[in-house]
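Asks: Here our numbering is used: position 206 in the sequence shown is 245, and no number is missing along the way. Just so it is clear, CB atoms sit at the ideal spot from N, CA and C, and this is done for glycine as well. Take this structure, written in structure tokens, and hold onto it; I'll ask about it next.
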Amino acid sequence: MIIQSKIRFSLTIIFSILVTGLLHSQETLIDGIDNDNDGYVDCFDSDLFGMPGCEPFYFGQPIPECREKPPVLSSYTLVEKFRTDNTLYPIDQRSGVFVGDMTDDGTPDIVSKHPGTGRLYIFNGIDGSLEQEFNQASNSNALNQPAIGDVDGDGWGDVFVVETDNFLKRYEYNNSLSKGSVNNAAPAWTSSDRIDNNIQSPQLADFNGDGTPEVYVGNAIFNAIDGTRLVAYNTGNNGGEQSGRDDAWPHAYNVFNQGDLVPGGGGATFGTEADGLEFIAGNQIYFVDLGNGTQDNGSLTLAQETTISGVTNGDGYTSVADLNGDNRIDVIVTGKTASNAAVIFAYDPYTNQQIGTTYDIGNGSSYAGRVNVADFDSDGDVEIGTAGKNIYVVVEYNSTTEVLETKWSKTGLDDGSQVTGSTVFDFEGDGTAEVVYSEEENLFVWKGSDGSEMAKITSRSGTRTDYPLVADVDGDGQSEIVITAQTGNGPGASGSDWVSVYRSKDAPWLPARESWNQHGYHVTNLGQDLTIPADQQLIVDPSYPSAFNRAFNGFLVQTTFLTQFADPTFAVGDLTTENVIVDTLGCGVVDSVTFTVTLENNGDWKAPRYTPLAIFDGDPYVTTATYLGTIYTQDNVEKGGSLDITHTVKADGSGNIELYVLVNHYEETLAIGDALPAPLTGVTSPTMECDYVNNVGFIVDISNC
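Given below as structure tokens:
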């Protein structure tokens, strides 16, 4: 897009505390614990806004001086930044992909696996090169997915995977190996006992808040540090499965607390059994008792069960969010009826009542994917999105009629697996979320409000419960779409596949968080640096301000960076050219000029690597200057930082050069040596700045070269 030249504007803001309810005793540590018991954990607490370790953090940022809102466009053009090497390091597309800094180098990494060869891969998030390969002792099921996290707090990431022998294993990144090495070490541990089904996938949480995370697969729970099975698999309890599908997607969340009323309990209240996180599986919620930490000494105890109209088996893929607008968590599930129809149902665990009606996904769907929950249309209420058989639906709760009803749907898709997921992200920061979805032929971006197609690109897959995700995968301050892909359409073509990373070619996107660690991701389940918080930050609560509840009320949704008022910061960079050094020794010899220019970033956000510098003979804003080529920055230019760029240009034969550099401009219409048809009116770039006037820099006027 063409961005008109603009001058930075200043905002004079008298900062206030988010709400007076935040003012209690102070939060002083970044340790995953709500130390002052005010309901805000670590960097969510105003006590720590801007403190070391909370800068940058995706919440509580000051309103920046250098800021700019992206334009709201009707379409995007997706460009592949890179793909991983599927010849040397093939993955299985259906095994999913996750993002986080596994190597503790400050840059995100990508984790995926190849089940047939027993390989786990950590790829560099900048270019997709191999960081480390784990040579597993046994293979894994193609349909299960890993989970990642730093469970022991050593700074290096751990990968959890269920292998075909039904044992859960933990692999640790080894920082002593050189880049691209094969890690042949045995796993850090193999679980003390098997899980129920090797198609099931691990997820991470700290159920009892003691600082030692757990990993759960179905309804079996293991110590994430040593692999002890704390709670045995129980066939009598729901485990988050849809009838007829062995994949299991329960969820861990703090629903009840000590002193809360027992739903339908005649005024009785819960005791200490309600401390910590609950285990949620379909229409049932369980208290978790980890016992004394020895093998199978823990247990799940039913805390609450809601009868769902038309659904005989209440189990299913489980998501959480506030659907009915009471600022308390609700549970949204995809399951099926006795007549084999895929449905969505939701319930309020505090009233033990179903929310709305049971929604039939239709189109012959017998199954459905785990739902996204987000404000798709900027109306202040959340909607539900999910895929079924060759269909994607967005559903909203009508509180007047008390019905779950269709907002919009997409039919004619190509997805026979019926259980794929999707991701939601507000790329433009206008309050309307976009849906990122992949079926077996294409990757789509749909506008959340009406389903209109904003982007479509061929990206073939086999599909299962995998989904594309949104993250800043290379640490450049920009959001990307990360997806696994394969050569052919359908599961028969899976097995020699790769990870693709896409950016926007022509539309500015808001930055995204740099991590997404597991299938059941809701932002606050994951702490800083891939740690698992002892106290999981609630995404909604009646005591929170409405802006906070609005910002984090979602599931399978990525976040951008937010102010303390829970609005996007819209922080951008401001690149200028400084300190020019010119070497003219090549003049008259090889007819060339070498120059070094220093880029300074005087803005409030990093300028991404690969930012272009278009070089012209003549001022491109004043004359029909001659285009001499483009160079690209090889590193980010951090806020307040600088970067030196050296380049050599050839003279045009006339002997005279008026060298100008235009920063952050993609010149895609001219060949080297062509003249501009008319002076430029602005830069063409998907990267926002707050001041484009200072992007053009005069290097030197050289005669007789």
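#1: Residue ranges of each beta strand (DSSP E) run of no fewer than 3 residues wholly in the segment 234 to 282, ordered along the chain?
#2: If we call anything under 8 Å between Cβ atoms a contact, is Val434 one with Glu107?
#3: Check for me: the alpha helix (DSSP H) holding Phe591 runs from which residue to which?
#4: Taking all protein chains shown into account, decide if Val474 is buried (16 or more other Cβ within 10 angstroms of its Cβ) or exposed.
#5: Is it the case that the Cβ atoms of Thr665 and Gly712 are separated by a distance below 8 Å?
#6: For Pro651, list the residues DSSP reports as bridge partners.
#7: Taking its Cβ as the centre, do 16 or more other Cβ atoms sit within 10 Å of Asn76, making it buried, or is it exposed?
#8: Would you kindly check if the distance between the Cβ of Leu595 and the Cβ of Ile187 is under 8 Å?
#9: Can you list, in chain order, the residues of its chain whose CB lies under 6 Å from that of Gly516, leaving out five sequence neighbours each side?
#10: Taking contact to mean at least 3 C-beta pairs separated by less than 8 Å, is the segment 720 to 730 in contact with the segment 90 to 110?
#11: Of all the options Asp285, Asp191, Phe162 and Gly427, which has the alpha carbon lying nearest to the alpha carbon of Lys218?
#12: If we count the other Cβ atoms within 10 Å of its Cβ and call it buried at 16 or more, is His63 buried or exposed?
#13: With a cut-off of 8 Å on the beta carbons, I'd call Val702 and Leu652 a contact; round off their distance for me.
#14: Name the residue from Lys449, Tyr160 and Leu341 whose alpha carbon lies nearest to the alpha carbon of Asn277.
#15: Could you give the C-beta distance for Leu339 and Val270, rounded to a whole number, given that I count them as a contact under 8 Å?
#16: Give a yes or no on contact between the segment 111 to 129 and the segment 189 to 202, applying the rule of three or more CB pairs nearer than 8 Å.
#17: Using the C-alpha atoms, what's the distance from Trp228 back to Arg503?
#18: Mapping the DSSP letters down to three states, classify Pro607 as helix, strand or coil.
#19: To the nearest angstrom, how far is it from the Cα of Val372 to the Cα of Thr637?
#20: Please say whether Val327 and Glu317 have beta carbons closer to each other than 8 Å?
#21: Quick one: any contact between the segment 342 to 357 and the segment 250 to 261, if contact means 3 or more CB pairs under 8 Å?
#22: Classify Leu569 as helix, strand or coil using the three-state DSSP reduction.
#23: Where does Arg133 sit, in a helix, a strand or coil, going by DSSP?
#24: Taking the straight line between their C-alpha atoms, what separation do you get for Gly424 and Gln567?
#25: Specify the secondary structure class of Glu478 as computed by DSSP and reduced to three states.
#26: Is it true that the CB of Asn429 sits closer than 8 Å to the CB of Asp453?
#27: Can you list, in chain order, the residues of its chain whose CB lies under 6 Å from that of Ile72, leaving out five sequence neighbours each side?
#28: Reducing DSSP to helix, strand and coil, say where Phe98 ends up.
#29: What are the start and end residues of each continuous beta strand (DSSP E) run of 3 or more residues lying completely inside the segment 116 to 185, in chain order?
Replies: Once the coordinates are examined:
#1: Listed in chain order, they are 242 to 244, 253 to 256, 259 to 262 and 268 to 270.
#2: By 1-based counting over the sequence shown, the position of residue 434 is 395. By 1-based counting over the sequence shown, the position of residue 107 is 68. Between Val434 and Glu107, the gap from beta carbon to beta carbon reaches 8 Å or more.
#3: One-based indexing of the sequence shown puts residue 591 at position 552. Ser585 to Phe591 is the span of the alpha helix (DSSP H), which, as asked, contains Phe591.
#4: As a working note, residue 474 is residue 435 in the sequence shown. Buried.
#5: For the purposes of this step, residue 665 is identified with residue 626 of the sequence shown, where counting begins at 1. For the purposes of this step, residue 712 is identified with residue 673 of the sequence shown, where counting begins at 1. Yes, the pair counts as a contact, with Cβ atoms nearer than the cut-off.
#6: Locating residue 651 in the sequence shown gives position 612, where the first residue counts as 1. In the DSSP output, where bridge partners are listed per residue, Pro651 has Tyr671.
#7: Stepping through the sequence shown from its first residue, residue 76 is reached at position 37. Asn76 is exposed by the Cβ-count criterion.
#8: Indexing the sequence shown from 1 puts residue 187 at position 148. Indexing the sequence shown from 1 puts residue 595 at position 556. Result no, Cβ atoms of Ile187 and Leu595 do not sit closer than 8 Å.
#9: Position 477 of the sequence shown, counted from the start, is the residue given in the question as residue 516. So the list reads Pro550, Trp644, Lys645 and Pro647, once near-sequence residues are dropped.
#10: yes
#11: Indexing the sequence shown from 1 puts residue 218 at position 179. The shortest C-alpha separation from Lys218 is found at Phe162.
#12: Position 24 of the sequence shown holds residue 63. Per-residue confidence for His63 stands at a pLDDT of 44, beneath the threshold of 50, marking its modelled position as unreliable; the derived number appears in the next sentence. By the neighbour-count criterion, in which a residue is buried when 16 or more other Cβ atoms sit within 10 angstroms of its Cβ, His63 is exposed.
#13: Mapped onto the sequence shown, residue 702 falls at position 663. Mapped onto the sequence shown, residue 652 falls at position 613. Val702 to Leu652, Cβ: 5 Å. Contact.
#14: In the sequence shown, the residue the question calls residue 277 occupies position 238. Of the listed residues, the one whose Cα sits closest to Asn277 is Leu341.
#15: On the sequence shown, position 300 is the one that residue 339 refers to. On the sequence shown, position 231 is the one that residue 270 refers to. Indeed they touch by this definition, with Cβ atoms about 6 Å apart.
#16: no
#17: Here residue 503 refers to the residue found at position 464 when the sequence shown is read from its first residue. Here residue 228 refers to the residue found at position 189 when the sequence shown is read from its first residue. Near 28 Å, if we compare the C-alpha coordinates of Trp228 and Arg503.
#18: Working through the sequence shown from its first residue, we reach residue 607 at position 568. Looking at Pro607 - three-state DSSP - the assignment turns out to be strand.
#19: Mapped onto the sequence shown, residue 372 falls at position 333. Mapped onto the sequence shown, residue 637 falls at position 598. In this structure, the alpha-carbon of Val372 lies about 54 Å from that of Thr637.
#20: Here residue 317 corresponds to residue number 278 of the sequence shown, with the count starting at 1. Here residue 327 corresponds to residue number 288 of the sequence shown, with the count starting at 1. Closer than 8 Å, so yes.
#21: Look at the beta carbons and you see the segment 342 to 357 not touching the segment 250 to 261: under three pairs across the two are nearer than 8 Å.
#22: Locating residue 569 in the sequence shown gives position 530, where the first residue counts as 1. In the structure shown, Leu569 sits in a helix (DSSP, three-state: H, G or I).
#23: Residue numbering aside, residue 133 sits at position 94 when the sequence shown is read from its first letter. DSSP places Arg133 in helix when its eight states are reduced to three.
#24: Walking along the sequence shown from the start, residue 424 turns up at place 385. Walking along the sequence shown from the start, residue 567 turns up at place 528. In a straight line, the C-alpha of Gly424 is about 28 Å away from that of Gln567.
#25: The count along the sequence shown starts at 1 and reaches residue 478 at position 439. Here DSSP, grouped into helix, strand and coil, assigns Glu478 to coil.
#26: Within the sequence shown, the letter at position 414 stands for residue 453. Within the sequence shown, the letter at position 390 stands for residue 429. Yes, they are a contact pair.
#27: Here residue 72 refers to the residue found at position 33 of the sequence shown. If we look at Ile72 and ignore the five residues flanking it on each side, its Cβ neighbours are Ala573 and Asp574.
#28: Numbered from its first residue, the sequence shown carries residue 98 at position 59. Reduced to three states, the DSSP call for Phe98 is coil.
#29: 117 to 122, 137 to 139, 148 to 153, 158 to 163 and 169 to 174
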